[in-house]
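One structure is given here, and the rest of the page talks about it.
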Amino acid sequence: MESYTILSKAHMLFALLFVISMLIKVILIFKNNEAFDKYRGKTKIAEMVVTILFLALGIILMVQKGGGFHMLFWIKLGIVAAGIPLGIIGAKKHSKALVTLSFLCFFGAYGLAEVAKKKAVVQEVVVEEPSQLGTELYKVNCVACHGEDGKKGLGGASDLSASVLSEEEAKNVITNGRGGMAPYGGQMKEEEITALATYLQSLKAK
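Residue numbering for the sequence shown follows our numbering, starting at 17 and increasing by one per position.
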């Protein structure tokens, strides 16, 4: 889990550097084409490295997570996919409109990533039975790292089937986080945390 968190932060850093570079190009292309081309020439290698790392880390994170992506993730991915060709074509044709549109795509994708991160992929689950609530919350927020049976251990995630934590201790971990796991205290209701902690106890018998 810790390695996943580190890779995620590195990915966001390179994404931010890429967005900043795009903003500079937007400013320069509105100044004049010569300044735009000069900047592109000087930063070509650096930008290529940043772009490769940005995309490569994104792919690695997708593979490691293995699924359970929030809808915002797919929207972000589509925007990035649209922004790349717009930027390439815009730069070649010195099109202010296309270069600006490409920047807005990447800026928007970065913003969506920040929103998704703050939401911690917590979804509102409306059900009647607490046991079903715990099951649904686990599927939405925990399966990607812990797996269906709690044994997946992505990036060092704990083996929940072998956990010795009591229900109260599990509630504390969910609320405050631990290691590479983000805290959910500010994002889940008390009854949701309780339902999830109760569900985690059931994994010990599997």
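Note that CB positions come from ideal geometry on N, CA and C, so glycine has one too.
Keep in mind that this is a model prediction, so the values were computed, not measured.
- Message: Check whether the stretch 38-54 and the stretch 112-120 touch, using three or more Cβ-Cβ pairs below 8 Å as the test.
- Response: yes
- Query: Terminal residues of the continuous alpha helix (DSSP H) containing I53?
  - Reply: As a position in the sequence shown, residue 53 is number 37, starting the count at 1. According to the sequence as given, residue 53 is Asp; it is not Ile. Unbroken alpha helix (DSSP H) run through D53: 49-81.
- Query: Where does V115 land, buried or exposed, given buried means 16+ other C-beta within 10 angstroms?
  - Reply: Taking the first residue of the sequence shown as position 1, residue 115 is located at position 99. Buried, since its Cβ has 16 or more Cβ neighbours within 10 Å.
- Over the uninterrupted alpha helix (DSSP H) stretch that includes C158, give me the two end residues. For the purposes of this step, residue 158 is taken as the residue at position 142 of the sequence shown. Premise fails: C158 is in no alpha helix (DSSP H) and is neither H nor E.
- Mapping DSSP to helix, strand and coil, what is M197? By one-based count along the sequence shown, residue 197 stands at place 181. It is a strand residue.
- Query: Under the rule that 16 or more other beta-carbon atoms within 10 Å means buried, what is G94, buried or exposed?
  - Reply: Along the sequence shown, read from residue 1 onward, the residue named residue 94 stands at position 78. Under this definition G94 is an exposed residue.
- Message: Can you tell me whether V42 is helix, strand or coil according to DSSP?
- Response: By one-based count along the sequence shown, residue 42 stands at place 26. DSSP, read as helix, strand or coil, puts V42 in helix.
- For G127, the nearest candidate out of L212, L32, C161, K25 (CA to CA): Taking the sequence shown and counting its residues from 1, one reaches residue 127 at position 111. Per the Cα distances, L32.
- Query: Quick one: is A178 buried, meaning 16 or more other Cβ sit within 10 Å of its Cβ, or exposed?
  - Reply: Reading the sequence shown from its first residue, position 162 is the one you call residue 178. Exposed.
- A198 and L149 look like a contact to me (Cβ under 8 Å); what is the Cβ gap, rounded to whole Å? By one-based count along the sequence shown, residue 198 stands at place 182. By one-based count along the sequence shown, residue 149 stands at place 133. A198 to L149, Cβ: 20 Å. No contact.
- How many Å lie between A26 and L73 at the Cα? For the purposes of this step, residue 26 is taken as residue 10 along the sequence shown, with counting starting at 1. For the purposes of this step, residue 73 is taken as residue 57 along the sequence shown, with counting starting at 1. Each residue's Cα considered, the two are about 8 Å apart.
- Using the beta-carbon count (16 or more within 10 Å), is G103 buried or exposed? Along the sequence shown, one-based indexing puts residue 103 at 87. Around the beta carbon of G103, 16 or more other beta carbons lie within 10 angstroms, which makes this residue buried.
- Message: Check for me: the alpha helix (DSSP H) holding V189 runs from which residue to which?
- Response: Taking the sequence shown and counting its residues from 1, one reaches residue 189 at position 173. V189 -> alpha helix (DSSP H) spans 183-192.
- Message: Do Y215 and Y154 count as a contact pair if the criterion is CB distance below 7 Å?
- Response: Counted from its first residue, the sequence shown places residue 154 at position 138. Counted from its first residue, the sequence shown places residue 215 at position 199. For Y154 and Y215, yes; Cβs fall inside 7 Å.
- Message: According to DSSP, is G127 part of a helix, a strand, or is it coil?
- Response: Counting from one through the sequence shown, the residue named residue 127 turns up at place 111. Reduced to three states, the DSSP call for G127 is helix.
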